[in-house]
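Engineer:
Pasting the structure below:
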């Protein structure tokens, strides 16, 4: 069945450091891929998405590219801020109600 | 427009008590989801509604759990009787289209069963 694997956290970085959170998926065909972010005490919110191969999703300085050849959707940001501290979830969907979420990666950014 | 509204935000109860969690989805969203989040199991889909009709409740852990959606603007998740292992954060989410993949989550209800 479909699955999402993301790197385990926590990830601790200094402010202005470069961020990469790895995400790989297993699925047949071309699912849509997403990154959700969960700030402390809040629900998940969509950060970015890509619906087809080679698409790049971007938002708030974060980027991720849908790589069909490596079945990956890694999240990157060039310079993180303390306010980016949160839990990040990679997810996929085939356009049905069944969203497959990864286990989440906690990011802590130190000033 | 207001987002998905859940209540209560926090609930502490004793084992055996009935718990009712409430959700108001975003107006115009035909799809509603209840998820449970725990450290051990991550985010689990409990039940999914389409136009107020339960479509898939295979994620509901036991008969102690039930969910209803009497109208387009209100849903409840009930646990009766509650047990300590039900302690988790319960999220309601809604969506207007499934193919865009964007779920709008509420802030969650943190349940602690003593």
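Residue numbers (the numbering used here), protein chains in the order written: chain A, -13 to 97; chain B, 71 to 184.
Even glycine gets a Cβ: it sits at the ideal position worked out from N, Cα and C.
Because the structure is a prediction, the values reported are computed rather than measured.
Just the Cα atoms here: how many angstroms apart are residue 95 of chain B and residue 119 of chain B?
Structural biologist: 11 angstroms
Engineer: Quick one, which residues of the region -7 to 20 of chain A are near chain B if we go by CB-CB under 8 angstroms, in chain order?
Structural biologist: Those residues of the region -7 to 20 of chain A that come within reach of chain B (Cβ to Cβ, closer than 8 angstroms) are 18, 20.
Engineer: Classify residue 169 of chain B as helix, strand or coil using the three-state DSSP reduction.
Structural biologist: Looking at residue 169 of chain B - three-state DSSP - the assignment turns out to be coil, as it is neither helix nor strand.
Engineer: Distance cutoff 8 angstroms, beta carbons only. Does residue 191 of chain B sit that close to anything in chain A?
Structural biologist: This structure cannot settle anything about residue 191 of chain B, because the visible part of chain B is limited to 71 through 184.
Engineer: So is residue 24 of chain A buried or exposed if we call it buried at 16+ other beta carbons inside 10 Å?
Structural biologist: buried
Engineer: Using a Cβ cut-off of 8 angstroms (strictly closer), state whether residue 101 of chain B contacts chain A.
Structural biologist: yes
Engineer: Going by beta-carbon coordinates alone, are residue 158 of chain B and residue 108 of chain B separated by less than 8 angstroms?
Structural biologist: yes
Engineer: How big is the Cα-Cα spacing for residue 48 of chain A and residue 86 of chain B?
Structural biologist: 45 angstroms
Engineer: Throw me the rounded Cβ distance for the residue -10 of chain A and residue 88 of chain A pair, which I believe falls under 8 angstroms.
Structural biologist: 4 angstroms
Engineer: Using a Cβ-Cβ cutoff of less than 7 angstroms, which residues in the same chain neighbour residue 161 of chain B once the five nearest sequence positions on both sides are dropped?
Structural biologist: 105, 107, 175, 176, 178
Engineer: Let's see if you can read the secondary structure: which residues bound the beta strand (DSSP E) around residue 49 of chain A?
Structural biologist: 48 to 51
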